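Chemist:
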Ligand code: GCO
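In this note's numbering, the protein residues as written are 3 to 452.
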């Protein structure tokens, strides 16, 4: 049990902020407009078999052209913040050099529109869409990519920092490092476990250098942390490696300036860990499901829960217990409580935000008007929100609860086959149709501000 004296006192916490999240590649579309360059994800989508439905992000939700409509949906929810990401290839089409004016203008206008409606922008600088030219120069396993990120981040923070105080550098660097470079199910689709560990280090270094470069701003990082549990027959060695790769690597470096002993992280230069340690002014936690480590079966039960993404772990399988979402992910809000308590204990005094939480379900039940009646998603969100309330009551400093996602969107290797949105998108017209969960979420926000 973590020592509660580490936490900010419960009484000192402001009311919980509410928001919803999206990311650039998943919603914007307009792939060839505004001078946008190509990213690793554009290229990955062209590989046969990489995306289950053969789709891509060329049009996505067309949000690039529908900013007014999407911001109106945010207003309808009554949320206090909107988490979106900035597409690096819109700002630096080939990953280096001066800013592309049209790219900065797009996000500048979005920020002003949000602020004009009393919605706090919460931008993420890197949500996986690396400019393809930087991948060709070696990508995240190469140290120079961290410095390229710092330049890019500076361009964006300097343009918007007068109006936007709070920033996230990286989104879920675990995914970029290990799904991108170890299992290869995400862009850039490499299967080089050593390179994956080097990528992890350079993602953290890029975050830290960017955060330290603008000390006047409130710069954090978003991690996908979770609680790792040993199931009967599961190898404790596998539990230890999975926990180290998923949680300890990131938290150890940020909180203590060290990597877990059981990991052999290459590419670390003198001083790097001092730079990384203490570099997160706040921490974003993306939480969906706990991990249960069972005996090896050879089966992959759930999306992204692939043993190849955990190099060095003794043989194991993921053993999620029902109820499951359509990603095959176990629904368990206790895991969120555990994750938040554990994180607050490791990073005392660092404010936390739930930067993503949500669920994909089949959305097969329709109300009379044809809209999705997603009671399962409402149940998921209700349970996880209660978990946030519970840990806040203990004093764990969670500032915001941001649901994933505003819209059904491009779910990476799952294409458009998985739906996490509070709003569905009609396939041909791209018309936005709020689900029952949208109305439920709006009611939560409203009832708490009364
Ligand atoms: C992530 C990303 C999101 C996903 C969401 C559902 O957490 O993987 O940040 O882009 O769409 O998590 O998988």
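From the three backbone atoms N, C-alpha and C, an ideal C-beta is built for every residue, glycine too. Keep in mind it's a predicted model, so treat the numbers as computed, not measured.
(1) Going by other Cβ atoms of all chains shown within 10 Å of its Cβ, with 16 needed for buried, is residue 137 buried or exposed?
(2) Can you tell me the Cα-Cα spacing of residue 265 and residue 312, whole angstroms?
(3) Rounded to a whole number of angstroms, what is the C-alpha to C-alpha distance between residue 56 and residue 350?
(4) Under the three-state reduction of DSSP, which class applies to residue 438: helix, strand or coil?
(5) Here's the rule: buried if 16 or more other CB atoms are within 10 angstroms of the residue's CB, otherwise exposed. What is residue 254?
(6) Taking 7 Å as the cut-off, is the C-beta of residue 177 nearer than that to any heavy atom in the ligand GCO?
(7) Is any non-hydrogen atom of the ligand GCO found closer than 7 Å to the C-beta of residue 226, if you look at the structure I gave you?
(8) When every heavy atom of the ligand GCO is checked, does at least one fall within less than 7 Å of the C-beta of residue 90?
(9) Applying the 10 Å Cβ sphere with the 16-neighbour rule, what's the burial state of residue 398?
(10) For the 8 Å Cβ check, are there 3 or more pairs between the stretch 36–51 and the stretch 90–100?
(11) So for residue 220, helix, strand or coil by DSSP?
(12) With which residues is residue 295 paired in a DSSP beta bridge?
(13) Drop a sphere of 10 angstroms on the beta-carbon of residue 388, count the other beta-carbons inside from all chains shown, and report buried for 16 or more, exposed for fewer.
(14) So residue 90 is in the alpha helix (DSSP H); what residue range does that whole segment cover?
(15) What does the alpha-carbon distance come out to for the pair residue 235 and residue 112?
(16) Please name the residue, chosen from 339, 170 and 106, that lies closest to residue 210 on a Cα-to-Cα basis.
(17) Restricting to runs no shorter than 4 residues, where is the alpha helix (DSSP H) found entirely within the stretch 19–68?
(18) Going by CA-CA distance only, name the one from 25, 374, 435 and 363 that's closest to residue 174.
(19) Run the CB neighbour count on residue 212, radius 10 Å, all protein chains shown included, and call it buried at 16 or more, exposed below.
(20) Of the choices 22, 195, 18 and 147, whose alpha-carbon is the least far from that of residue 288?
(21) Going by beta-carbon coordinates alone, are residue 155 and residue 127 separated by less than 8 Å?
(22) Of the choices 294, 427, 383 and 286, whose alpha-carbon is the least far from that of residue 225?
(23) Is it buried or exposed for residue 272, if we count other Cβ within 10 angstroms and need 16 for buried?
(24) The alpha helix (DSSP H) with residue 110 in it runs from where to where?
(25) Quick check on residue 283: does DSSP put it in helix, strand or coil?
Modeler: So, from the data block:
(1) By the neighbour-count rule (16 or more Cβ atoms within 10 Å), residue 137 is buried.
(2) Roughly 11 Å separates the two Cα atoms.
(3) One C-alpha to the other measures close to 45 Å.
(4) Here residue 438 sits in helix by DSSP.
(5) That one is buried.
(6) Correct: residue 177 has its Cβ closer than 7 Å to the ligand GCO.
(7) Correct: residue 226 has its Cβ closer than 7 Å to the ligand GCO.
(8) Result no, Cβ not under 7 Å from the ligand GCO.
(9) Using a 10 angstroms sphere on the CB of residue 398, the tally of other CB atoms reaches 16 or more, which defines it as buried.
(10) Proximity of the stretch 36–51 to the stretch 90–100 meets the contact definition, three or more beta-carbon pairs being nearer than 8 Å.
(11) DSSP places residue 220 within a strand segment (E or B) once states are collapsed to three.
(12) Listed as beta-bridge partners of residue 295 by DSSP are 232 and 320.
(13) The residue is exposed, with fewer than 16 neighbouring Cβ atoms inside 10 Å.
(14) Start and end: 90–93.
(15) Approximately 51 Å between the Cα atoms of the pair.
(16) Ranked by how close their Cα comes to the Cα of residue 210, the residues 339, 170 and 106 have 170 in first place.
(17) List check, alpha helix (DSSP H) in window: 26–29 and 42–47.
(18) Restricting attention to 25, 374, 435 and 363, the CA atom closest to the CA of residue 174 is found in 25.
(19) Around the beta carbon of residue 212, 16 or more other beta carbons sit within 10 angstroms, so the residue counts as buried.
(20) Closest option to residue 288, Cα to Cα, is 22.
(21) For residue 155 and residue 127, yes; Cβs fall inside 8 Å.
(22) Of the listed residues, the one whose Cα sits closest to residue 225 is 286.
(23) Residue 272 comes out exposed.
(24) It spans 103–118 - the alpha helix (DSSP H) in which residue 110 sits, taken as one unbroken run.
(25) Coil at residue 283, not helix or strand.
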